[in-house]
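Participant:
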Amino acid sequence: MRAGNGDSVVDGRRVALKTIAAGGLALAGGVLGAVPTIADSGLLRRRIPSSGELIAAVGLGTYHSFDVADSASPALEQVLARFVALGGQMVDSSPMYGNSEEVVGDLAAKLGLRDRLFLATKVWTRGHAEGIRQMEMSFSRLRTKRLELMQVHNLVDWQVHLPTLREWKQMGRIRYLGVTHYHESAYRELEVVLKGEKPDFVQINYSMAERDAEMRLLPLAQDLGIAVIINRPFAKASLFSQVRGKALPAWAAEFDCASWAQFFLKFILAEPAVTCVIPATGKEHHLEDNIAAGHGRLPDVRQRARMAATLARI
């Protein structure tokens, strides 16, 4: 449960909510062509170093939240529709996430949103043949012939899978390739992979509660020109537990922050090496809150230090 969302509404929040409302009306009327474009939304965008392509800096994770039995979930349909209406692009999934791939694929097809999404998933198995089988299944579940990003999940058998991903990229089946992990224990191996393989993307954990990536991985990725996706931005919701019942500092308005969720996400987005953060949610109001973090000002170095000090005192 989220805590302390605050009553004040800053300019960035107003822009985001107006965009949501406009997108919601268009979708309710079935006029998908009227959904605001990324440029219209005002959502922060970051450049993918290997190509120069711009992508919305706030994406959507699907771990747990999209793992439901029924792909026809009205709540998730609305979440995905609103996500696109807000200018969101990256939707990240994995075979590890139960039914998430199938649910995303079914809803994107139903809503006619495939071309508006930057679909990312992962290979999470061992062996060359098994990796190909699993990835082909992901294409089928996501109802697509081409994926924006395929990643090696948690570095599982990366030496085997990365050559396959390079072949598929050359063939045009995927546009980008990457590697992922969710824990600091893998950082040393990730460094080796980044230096030796130079993937287009690396996905790692980073939050106000888990800052080890600042020491080496984030600077390394920036130096090598590797895009960075951030998972676990709320440290598995532990950050919300920490601030439950606490008022958002009034000075957060200095960087257009109106909630604790935005506080945590803006801290991450202020790190220049970060390309996209992917908070997972299946709730529309949480989605709106998360996307609002990509609007307005971001904290500077001094403000980030104050944010960290404030959290440490709670």
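Per UniProt numbering, residue 1 is the first one in the sequence shown, and the count goes up by one each step. Ideal Cβ placement from N, Cα and C applies to all residues, glycine included.
Buried or exposed: where does residue 170 fall if 16 or more other Cβ atoms within 10 Å of its Cβ makes it buried?
Facilitator: Stepping through the sequence shown from its first residue, residue 170 is reached at position 170. That one is exposed.
Participant: Among the candidates 218, 286, 192, 284, whose CA atom is the shortest distance from the CA of residue 269?
Facilitator: In the sequence shown, residue 269 corresponds to position 269, counting from 1. The alpha carbon of residue 269 has as its nearest neighbour, out of 218, 286, 192, 284, the alpha carbon of 218.
Participant: At which residues does the beta strand (DSSP E) containing residue 92 begin and terminate?
Facilitator: Along the sequence shown, read from residue 1 onward, the residue named residue 92 stands at position 92. Where residue 92 is concerned, the enclosing beta strand (DSSP E) stretches over 90-92.
Participant: As a quick exercise: from 117, 132, 118, pick the residue whose alpha carbon is nearest that of residue 124.
Facilitator: Residue numbering aside, residue 124 sits at position 124 when the sequence shown is read from its first letter. Selected option, being the one with the closest Cα: 132.
Participant: Mind checking whether residue 296 and residue 256 have CB atoms under 8 Å apart?
Facilitator: The residue given as residue 296 occupies position 296 in the sequence shown. The residue given as residue 256 occupies position 256 in the sequence shown. For residue 296 and residue 256, yes; Cβs fall inside 8 Å.
Participant: Taking the alpha carbon of residue 210 as the point to measure from, which residue in 189, 272, 194, 185 has its own alpha carbon closest?
Facilitator: For this step, residue 210 is matched to residue 210 along the sequence shown. The shortest C-alpha separation from residue 210 is found at 185.
Participant: Using the C-alpha atoms, what's the distance from residue 87 back to residue 250?
Facilitator: Locating residue 250 in the sequence shown gives position 250, counting from the first residue. Locating residue 87 in the sequence shown gives position 87, counting from the first residue. The alpha-carbon atoms of residue 250 and residue 87 are separated by roughly 28 Å.
Participant: Spatial neighbours of residue 128 within its chain, please: CB distance less than 6 Å, with the 5 preceding and 5 following residues excluded, ordered by chain position.
Facilitator: Against the sequence shown, residue 128 aligns to sequence position 128. Counting only Cβ-Cβ distances below 6 Å, and skipping sequence neighbours, we find 160.
Participant: For residue 151, write down the residues that DSSP places opposite it in a beta bridge.
Facilitator: On the sequence shown, residue 151 is found 151 positions in, with the first residue counted as 1. Paired residues: 122, 178.
Participant: I'd like to check one pair, residue 134 with residue 201: are the Cβ atoms closer than 8 Å?
Facilitator: In the sequence shown, residue 201 corresponds to position 201, counting from 1. In the sequence shown, residue 134 corresponds to position 134, counting from 1. Against a cut-off of 8 Å, the Cβ pair of residue 134 and residue 201 comes out as no contact.
Participant: Hey, out of 54, 61, 45, 47, whose CA is closest to residue 279's CA?
Facilitator: Translated into positions along the sequence shown, residue 279 becomes position 279. Nearest of 54, 61, 45, 47 to residue 279, Cα basis: 61.
Participant: Would you call residue 46 buried or exposed, if buried means 16 or more other Cβ atoms sit within 10 Å of its Cβ?
Facilitator: As a working mapping, residue 46 is identified with position 46 in the sequence shown. Residue 46 should be labelled buried.
Participant: Going by the CB atoms, is the gap between residue 81 and residue 111 shorter than 8 Å?
Facilitator: Sequence index remark: in the sequence shown, residue 111 carries index 111 (1-based). Sequence index remark: in the sequence shown, residue 81 carries index 81 (1-based). Closer than 8 Å, so yes.
Participant: Any heavy atom of the ligand FAD closer than 7 Å to the beta-carbon of residue 136?
Facilitator: Judged by which ligands are present, the structure shown has none, so any question about the ligand FAD falls away.
Participant: For the 8 Å Cβ check, are there 3 or more pairs between the segment 93-113 and the segment 297-307?
Facilitator: Counting Cβ pairs under 8 Å, fewer than three are found: no touch.
Participant: Please report the distance separating the alpha-carbon of residue 314 from that of residue 308.
Facilitator: If you number the sequence shown from 1, residue 314 lands on position 314. If you number the sequence shown from 1, residue 308 lands on position 308. If you take the alpha carbons of residue 314 and residue 308, they lie about 10 Å apart.
Participant: Please confirm whether residue 269 has its beta-carbon closer than 8 Å to some beta-carbon of chain B.
Facilitator: As a matter of chain content, chain B is missing from the structure shown, which is built from one protein chain.
Participant: Closest to residue 227 by C-alpha separation, out of 149, 63, 253, would be which residue?
Facilitator: As a working note, residue 227 is residue 227 in the sequence shown. If we check each option's Cα against that of residue 227, 149 comes out closest.
Participant: Just to check my reading of the structure: residue 153 and residue 198 have Cβ atoms closer than 8 Å, yes? What is that Cβ distance to the nearest angstrom?
Facilitator: Counted from its first residue, the sequence shown places residue 153 at position 153. Counted from its first residue, the sequence shown places residue 198 at position 198. So it is not a contact: roughly 19 Å between Cβ atoms.
Participant: For a test of the three-state rule: what should DSSP assign to residue 280, helix, strand or coil?
Facilitator: Within the sequence shown, residue 280 is the residue found at index 280, counting from 1. Reduced to three states, the DSSP call for residue 280 is strand.
Participant: Taking residue 118 as the reference, which of 107, 101, 155, 59 has the closest Cα?
Facilitator: By 1-based counting over the sequence shown, the position of residue 118 is 118. Residue 59 is the option with its Cα nearest to residue 118.
Participant: Looking at the strands, I want to know which residues DSSP matches up with residue 170.
Facilitator: In the sequence shown, residue 170 corresponds to position 170, counting from 1. Residue 170 pairs with nothing; no bridge assigned.
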